[in-house]
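Report on the structure given below.
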Amino acid sequence: MQKTIAAKAVALNFPRRVYRVSELVKLGISQSKAYRWARADGPWTRLAPGIVLVAPGPVTVRDRIDAALLRAGPDAMLTGLHAARMHGLKSPPESADIHVLIPHRQKIQSYAGTRFERTIRLPNPVYVDGIPVAPPVRAVMDGARTFLSAALTRQVLFEAIRAENLCRFEELVAEMESGSRRGTALPRATLRSYEFGTARPHDRLRVAPRPSAVHPPPVLRRDRRPLLSAGRLLRRAFLRTLMPSP
Numbered sequence: 055m056q057k058t059i060a061a062k063a064v065a066l067n068f069p070r071r072v073y074r075v076s077e078l079v080k081l082g083i084s085q086s087k088a089y090r091w092a093r094a095d096g097p098w099t100r101l102a103p104g105i106v107l108v109a110p111g112p113v114t115v116r117d118r119i120d121a122a123l124l125r126a127g128p129d130a131m132l133t134g135l136h137a138a139r140m141h142g143l144k145s146p147p148e149s150a151d152i153h154v155l156i157p158h159r160q161k162i163q164s165y166a167g168t169r170f171e172r173t174i175r176l177p178n179p180v181y182v183d184g185i186p187v188a189p190p191v192r193a194v195m196d197g198a199r200t201f202l203s204a205a206l207t208r209q210v211l212f213e214a215i216r217a218e219n220l221c222r223f224e225e226l227v228a229e230m231e232s233g234s235r236r237g238t239a240l241p242r243a244t245l246r247s248y249e250f251g252t253a254r255p256h257d258r259l260r261v262a263p264r265p266s267a268v269h270p271p272p273v274l275r276r277d278r279r280p281l282l283s284a285g286r287l288l289r290r291a292f293l294r295t296l297m298p299s300p
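The sequence shown begins at 55 in my numbering and counts up one residue at a time.
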């Protein structure tokens, strides 16, 4: 019997893996059948209230993200550690909770492994692999505010600072000060340790500030010694005029 049900489910050949039950009803699957097939012994998997995975096999992180965004609606976006991963960071763990921003007017109950955060500061999303994602600075700081360990907080923030064209130290501080104060004690201490040079030496080496237009990197000679600046050359020339001729 179960093999027959599984065969029927596979034969439907849906273009997506994750659907609202209401969408399946429009596609000709009755609500009762959708929920029955999503039971523990069925071919489908219930991912969230009213959301099911219609493909066989284990649930992936992408499935969980898709389910959370379907649950939250069109104005929602992914943020936090999984958003930071989608922006290219390696330190956020794959096992982290799915973290979704929703408009403050909405009220959605979080569930195991997924949290919905209401905000009056909903940013414009960027799209990564078709997923609406909070911008890098917001995603990283939202992740850092979720009561991580001190070690993981340091890894995430420092990796974000040193990543090419992702987050600047000043941008992270500004985001921390603009948003909710909840959960900011550890990120604040971590960023302060970076700012005042009390971070561990190898961490600071990994996040050396990028060259700026105001203070460009020194130009080196072929023997790797720095060329003298125009100011230093003028000072040397002036000092020579003060020295008596031989």
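Every residue gets a Cβ at the ideal spot worked out from N, C-alpha and C, and that includes glycine. Just so you know, these numbers come straight off a predicted model, no measurement behind them.
Touching by the beta-carbon criterion (3+ pairs, under 8 Å), the stretch 218 to 236 and the stretch 180 to 187: no
Where alanine 94 sits in the DSSP three-state scheme: coil
Distance, glutamate 249 Cα to isoleucine 152 Cα: 30 Å
Classification of histidine 136 by the beta-carbon crowding that lies within 10 angstroms, buried from 16 upward: buried
Same chain only: Cβ atoms within 8 Å of glycine 104, ignoring 5 sequence neighbours per side: Arg74, Val75, Ser76 and Arg125
Bridge partners - methionine 131, DSSP secondary structure assignment: Leu155
CA-to-CA distance, arginine 139 to alanine 228, given in whole angstroms: 21 Å
Exposure label - threonine 114; buried when at least 16 CB within 10 Å: exposed
Alpha-carbon spacing of arginine 192 relative to aspartate 117, whole angstroms: 23 Å
Methionine 131 and leucine 101 closer than 9 Å at C-beta: no
Residue from Asn178, Glu224 and Phe170 with nearest C-alpha to threonine 200: Phe170
Selected residue, minimal CA-CA separation from proline 146, among Tyr165, Ala205 and Leu123: Ala205
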